[in-house]
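Throughout the sequence shown, residue numbering follows the numbering used here, covering 24 to 269 in sequence.
What follows is a single structure, written as structure tokens, with notes after it.
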Amino acid sequence: MKKVRILIVDDEPLAHRVLEGYCEKIDYIEVVGNCYDGLSTLNFLNKEKVDAILLDIQMPDLTGLELLDSLKQDTPKVIFTTAYTEYAMASFDYDQVVDYLHKPIRITRFIKAIERLKKVLILENEFQQSVTSDTKESQEVAQKYFITLKDNKTLHHIKLVDIRYIQSWGNYLKIFLRNDDIKIVRKTIKMIEEELPQQSFIRIHKSYIVNINSIKSLVGNQIQISDQKLPIGKSYRLMVKKQISG
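Written as structure tokens, this is what we have:
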């Protein structure tokens, strides 16, 4: 596990020394900053990313609770450190609060809070990796079965199996679909050739790409697709015949 980056926030220098001493005893903890009031904490967090804050509640300018109210959604985890027990219930109204330590803080209680923080961060990291993995898999599936093409301000999400063939038309493409619909998009044939799966589509001419599953027959130097015959370019003939016969 990478080191947990912690910011200590307290208006008492002695509290900083105590907490820093405790943190030094835990090898996966790294103290990355010390702040003594709420405003300096806000400025620090705008510049630096931390995993958690050891946060006093009763401070000048902003209390610890007011500080949490001021932070944006991407808030670090928080372990409250305070001498005032009356804030305990209010502190747990915040989702990012992991634990509440009452001063004077014993080392055994501190370690327990840090271990709880560690577990929370590990679980959230595993969840995020799972979501990222699922999203990537979904994107790969989408890329495998669909292609997204832009026509002016309209995005077309087209199934690859629905594409019969594609014709270059200057800086545009004509996409001929199975339902006899035609989509015209601004894109070169070379660009779309790189996006299409090679096992399903083949370039037969400088102006044509065809869906292999749409090919009915190969007649001389032409390919029959439905009732349409498309020419095979001279430089593509050997490759086309090999791929189709294969």
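Even glycine gets a Cβ: it sits at the ideal position worked out from N, Cα and C.
Host alpha helix (DSSP H) of residue i (start-end)
i              : result
asparagine 290 : Within the shown structure, residues of the chain are numbered from 24 to 269, placing residue 290 beyond reach of any answer.
lysine 182     : Careful: lysine 182 lies outside any alpha helix (DSSP H), inside the beta strand (DSSP E) at 177-182.
tyrosine 45    : 36-47
lysine 213     : 212-218
Residue i versus residue j - alpha carbon distance
i              : j              : result
isoleucine 246 : proline 254    : 6 Å
serine 249     : asparagine 194 : 26 Å
leucine 200    : aspartate 185  : 5 Å
asparagine 244 : glycine 256    : 8 Å
alanine 165    : glutamine 266  : Below a pLDDT of 50, predicted positions are generally treated as unreliable, and alanine 165, at 42, falls in that range; the measurement from the model is reported next regardless. Roughly 25 Å between the two C-alpha positions.
aspartate 34   : glutamate 149  : 35 Å
CB contact flag (residue i, residue j, <7 Å)
i              : j              : result
isoleucine 49  : isoleucine 128 : no
isoleucine 31  : asparagine 57  : yes
isoleucine 212 : lysine 206     : no
isoleucine 225 : isoleucine 235 : yes
glutamate 53   : lysine 26      : yes
serine 223     : arginine 187   : no
tyrosine 117   : leucine 90     : no
Sequence-distant residues of its chain with Cβ nearer than 8 Å to residue i (five each side left out)
i              : result
isoleucine 102 : Ala75, Ile76, Leu77, Leu78, Val120, Val121, Asp122, Tyr123, Leu124, Ala136, Ile137 and Leu140
serine 93      : Gly61, Leu65 and Leu85
Beta-carbon proximity list for residue i, same chain, < 6 Å, skipping 5 on both sides
i              : result
isoleucine 145 : none
Residue i: first and last residue of the uninterrupted beta strand (DSSP E) it sits in
i              : result
lysine 197     : 195-200
glutamine 221  : No beta strand (DSSP E) contains glutamine 221, which DSSP labels as neither H nor E.
valine 233     : 231-234
leucine 248    : Looking at the sequence shown, residue 248 is not leucine but isoleucine. Segment 245-248, the beta strand (DSSP E) holding isoleucine 248.
leucine 173    : Leucine is not the amino acid found at residue 173; the sequence shown has lysine there. Taken as a continuous stretch (DSSP letters only), the beta strand (DSSP E) holding lysine 173 covers 169-174.
glycine 56     : 52-58
lysine 257     : Unbroken run through lysine 257: none, as it is neither H nor E.
isoleucine 238 : Unbroken run through isoleucine 238: none, as it is neither H nor E.
Beta-carbon contacts of residue i that lie in its chain and below 7 Å, excluding the five residues immediately before and after
i          : result
lysine 173 : Val208
- Contiguous beta strand (DSSP E) assignments of at least 3 residues, all confined to the stretch 82-135: The stretch 82-135 is shown to contain whole beta strand (DSSP E) runs of 3 or more residues at 100-105 and 120-125, in chain order.
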